[in-house]
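Take a look at the structure set out below.
Number of protein chains: 2
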Amino acid sequence: MSLDFFFYPKSVAVFGSFKKGAIAYEILRNIVEGGFEGKIIPVNPKGGRVEVAGRTFRIREKLEEPVDTAIIAIPAKFVPSLIDEIGPLIRGAVVISAGFSEVGNEELEREMVEKAKKHGVRVIGPNCAGIFGVHGKFFGSFEVRVNPGGLALISQSGAFGGAALAMGNDEGIGFSAFVSYGNASDLNESDFLEYFADDENTKAIALYIEGVKEGRRFLKALRYASERKPVIILKAGKSESGAKAAASHTGSLAGSYEIYRAAFKQAGAIEVEEMEELFDAAKAFEMYPRAGKRIAVITNSGGPGVLATDKLEKLGLEIAKLSDETVKELRSFLPPQCSTRNPVDLIADADYERYKRTIEVVCKDENVDALLVICVPPIFIPSEEIAKAVIEAKCDKPVVVNFMAGELVRGGVKLLEENGIKNFPTPERAAKALRWLALRG
Amino acid sequence: MSLDFFFYPKSVAVFGSFKKGAIAYEILRNIVEGGFEGKIIPVNPKGGRVEVAGRTFRIREKLEEPVDTAIIAIPAKFVPSLIDEIGPLIRGAVVISAGFSEVGNEELEREMVEKAKKHGVRVIGPNCAGIFGVHGKFFGSFEVRVNPGGLALISQSGAFGGAALAMGNDEGIGFSAFVSYGNASDLNESDFLEYFADDENTKAIALYIEGVKEGRRFLKALRYASERKPVIILKAGKSESGAKAAASHTGSLAGSYEIYRAAFKQAGAIEVEEMEELFDAAKAFEMYPRAGKRIAVITNSGGPGVLATDKLEKLGLEIAKLSDETVKELRSFLPPQCSTRNPVDLIADADYERYKRTIEVVCKDENVDALLVICVPPIFIPSEEIAKAVIEAKCDKPVVVNFMAGELVRGGVKLLEENGIKNFPTPERAAKALRWLALRG
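Heads up: the protein sequence lines correspond to chains A and B, in order.
All the letters of the first sequence, read from the start, carry residue numbers 1 to 441 under the UniProt record's numbering.
All the letters of the second sequence, read from the start, carry residue numbers 1 to 441 under the UniProt record's numbering.
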């Protein structure tokens, strides 16, 4: 089923209060500031005008023309009748409003869904933070806007979603879409998995769930999506206390974690343990769909090279044995103090040429599936120079990069990011990224 | 043994080239820009002048007056005779120069140490990145300067040290000292452990090692230090390939990791697995010496609260059972939608008053040893307001904070840091911080 009318809408209506700071106002502001090029219609029975980002909108007293999507942030009790009223004019409704099943008002939620069904309207929410269709410049949520890219983020928790988007911005993640689906009264995680599996702007899917409603359907949707692109899952409510907390939070039964874990694995999804790992995996999969497990480490500093090697081996990856030919070729141009074993240690004064040539030589070694390139720039070599070497080296295998740290590498990391290469801030996080790539290798 | 002449020197001489970009120049620049208040003497046989940070120094042709510490960055082969010459005038020498045992020149290193011993001079290095005594405003290294605080960082690897200092700046760590000890020709990790164990500005010690030279002495020093303050250890060269790489890098035999691991545990040190964990542990111990294991989680967002709970339980901590009295008191002022179980969910619109009062009520519960406070600010509540609640809440138990994320909490995190409260960027990292505190609890 296509949900394009949600994620690539041509027109949108927003229902609620347009006083500054109110939810509907903030969503309208995000849509306008985000550069949405379709029709935008604010609706409130009181009418009036609202100014947003230098533009003035007339607030309609009611919706009188068809739109793809309605975003609804009015008190819960009025939602079913509104949907009944505008049903003939809309294809999808994103219900931000809280006060439904999550606080015991199951009946109100059922009524809302019935009205929607009557008109063939699909519903996201209620009790959700909204949606982004980033490539359509549609930011239908009050959460912070993000840069376009390959990650579709599906979050059961609105707050998790909001935090994740802001964190994604800091981590240099690019997003294709975001959906916070709240109570999942109609559309749920399975629908979104299926949709993003076929969305051409989405390279990887990240899913935060506490529990799912339809186990079998979820497994099927997860398998469908995982066959097409990497699906990264962070499951909350794994521990006894966590499961209880999740039950009181989303009302969903978290169920036995062991069952979930087995299902994720069976479906070919990538389960991560921590929020940070969700992003590291997403960064890796935004760059590469997969990688083999024989890794070559190239470094200008021994210690970090050893840390990477330790972690790679611990994670079950292999420290590639470089061929005699590769070693010989490296020996031909590297200073004698450099180590031509794997990890290849280019020592502190490694410059553009030494990095570039080494990456190219190691890359064509048949024993090597992927490269981990580490750089701790010494004071006399700017990080930009080494970034340039990584960018310009001819290599058709996955290259995962760890430049350290902070102000020492700010310039180099920026240059890498501008060229689509995401930096992992520690050797261990870079090693983990390679492991996730290898899980699909 | 006091090493105050290294870390709180009254006077220092720097030997090497004072051309811009040269190692000795960069060290001189760091010392001057860092605000060192003692005497600073640049020395080079060619004499001349050097301008640094608006000050002009006359370069002495030789050292003719006593100084506490000499920092030496001249070609390796001249180091032994220089030390013999200036031995009577100095107490300590920091030998930056490389080209000693790490490249097979054991004899030259032995000669250097003999000359030093003859004059009762102690040596740090050679082949090292230098030292910082941060509270004495002494930045005797070319690495990036850091803020004063409680962490003493001891690093066998210079590059690791440099990366760690820059990362520490980004993570809001305060440092008491830094020492990169390179080949450990004279002073080694054990000496520094003993010294910082008794240094009153040091609250916690972080140690990066690949291998140690004197196993028994190390164990004794580690126990001595661990009895006095937290010692956090990151051991590199744990895997087979990692150990081989370490051997070729520092020349130290990494030895069996199992033996190290047992030794760390026996001595009461905190072993971490990853570079990032080293900092998270350091952040925790800069704030608190220890904590019990019964944790109360307070959050305004369900999802992140569940993630924290999962991680705490997985790490063997306890989700504290709040007393009936606490629950009753919380019920008296919290809105009915809030959860008064642990995790305590204050829901999205939690403001200053709700956070502050909840922290205070939970803090005085006898079943609670420490608090984990999570905040994902909704658009209508600035993160500064919640930061203020955390700062102003009266609580005499450890409070570990996770504000998320990025731009959403920039202001609040800044305010927290100005008040000595370090933020952990994810619920899981905050949970791990509590575990390290509990390991000494």
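Note that CB positions come from ideal geometry on N, CA and C, so glycine has one too.
For Tyr-257/A, the uninterrupted alpha helix (DSSP H) segment begins and ends at 257 to 267.
In this structure the segment 144 to 156 of chain B does not lie against the segment 354 to 372 of chain A, because fewer than three pairs of beta carbons, one per stretch, are closer than 8 Å.
When C-beta atoms of the segment 66 to 84 of chain B are compared with those of the segment 12 to 28 of chain B, three or more pairs fall below 8 Å, so the two segments count as touching.
Between the segment 378 to 391 of chain A and the segment 351 to 360 of chain A, the count of Cβ pairs shorter than 8 Å is three or higher; the stretches touch. Bounds of the beta strand (DSSP E) holding Arg-55/B are 55 to 58.
Cys-375/A is bridged by DSSP to Phe-403/A. Under DSSP, Leu-207/A shares a beta bridge with Ile-154/A and Ile-233/A. In the three-state scheme derived from DSSP, where H, G and I count as helix and E and B as strand, Pro-88/B is classed as helix.
Rounded to whole angstroms, Lys-244/B and Lys-39/B show a C-alpha spacing of 44 Å. Proximity to Leu-307/B across Cys-338/B, Glu-329/B, Gly-172/B and Ala-431/B peaks at Ala-431/B, based on C-alpha coordinates. Thr-358/B carries a helical assignment under DSSP once its states are collapsed to helix, strand and coil. By the CB criterion at 9 Å, Ile-270/B and Ile-295/B fall outside the cutoff. The beta-carbon of Phe-18/A is placed no less than 9 Å from the nearest beta-carbon of chain B.
Legend: CB atoms of the segment 278 to 301 of chain A lying less than 9 Å from CB atoms of chain B belong to residues Val-297, Thr-299, Asn-300 and Ser-301. The beta-carbon of Ile-379/B is placed less than 9 Å from the nearest beta-carbon of chain A. The distance from the Cβ of Gly-420/A to that of Met-167/B is about 24 Å, inconsistent with a contact at the 8 Å cut-off. Residues of the segment 307 to 340 of chain A whose Cβ lies closer than 7 Å to any Cβ of chain B, in chain order: Leu-307, Thr-309, Asp-310, Glu-313, Lys-314, Ile-319, Gln-337 and Ser-339. Pairwise C-beta distances place the segment 219 to 229 of chain A out of contact with the segment 280 to 292 of chain B, as fewer than three of them are shorter than 8 Å. By the rule that beta-carbons nearer than 9 Å mark a contact, Asn-147/A does not touch chain B.
Note on geometry: alpha-carbon atoms of Lys-115/A and Phe-36/A lie some 29 Å from one another. Proximity of Gln-156/A to chain B, defined by a Cβ-Cβ separation below 9 Å, is satisfied. Cα atoms of Ala-246/A and Leu-346/B: separation of roughly 14 Å, rounded to the nearest angstrom.
In this structure, Glu-318/B lies away from Gly-242/A, with their beta-carbon atoms at least 9 Å apart. For a Cβ distance threshold of 9 Å, residue set Ala-405, Gly-406 and Glu-407 of chain B lies close to Asn-169/A, ordered along the chain.
The Cβ neighbour count for Lys-203/B, taken over all protein chains shown within 10 Å, is at least 16; the residue is labelled buried. For the pair Gly-87/A and Val-121/A, the CB atoms are nearer than the 9 Å cut-off. Collapsing the DSSP output to three states places Thr-426/A in coil. In terms of Cβ geometry, Met-112/A and Pro-80/A form a close pair [threshold 9 Å]. Apart from sequence neighbours up to five positions away, the residues of its chain that approach Leu-3/A with a beta-carbon distance below 8 Å are Gly-92, Arg-122, Leu-187, Asp-191, Phe-192 and Tyr-195, ordered along the chain.
By the neighbour-count definition (other C-beta atoms within 10 Å, threshold 16), Phe-285/A is a buried residue. For a cut-off of 8 Å, the C-beta gap from Ile-131/B to Val-179/B is around 5 Å, short enough to register as a contact. Arg-261/B and Lys-213/B have their C-alpha atoms some 16 Å from each other. With its beta carbon less than 9 Å from one in chain A, Tyr-208/B belongs to the interface. Looking at Glu-428/A, Thr-426/A, Val-400/A and Val-95/A, the one whose alpha-carbon comes closest to that of Leu-416/A is Val-400/A.
In the assembly as shown, Ile-259/B is an exposed residue. Its beta-carbon has fewer than 16 other beta-carbons within 10 Å. Bounds of the beta strand (DSSP E) holding Thr-299/B are 294 to 299.
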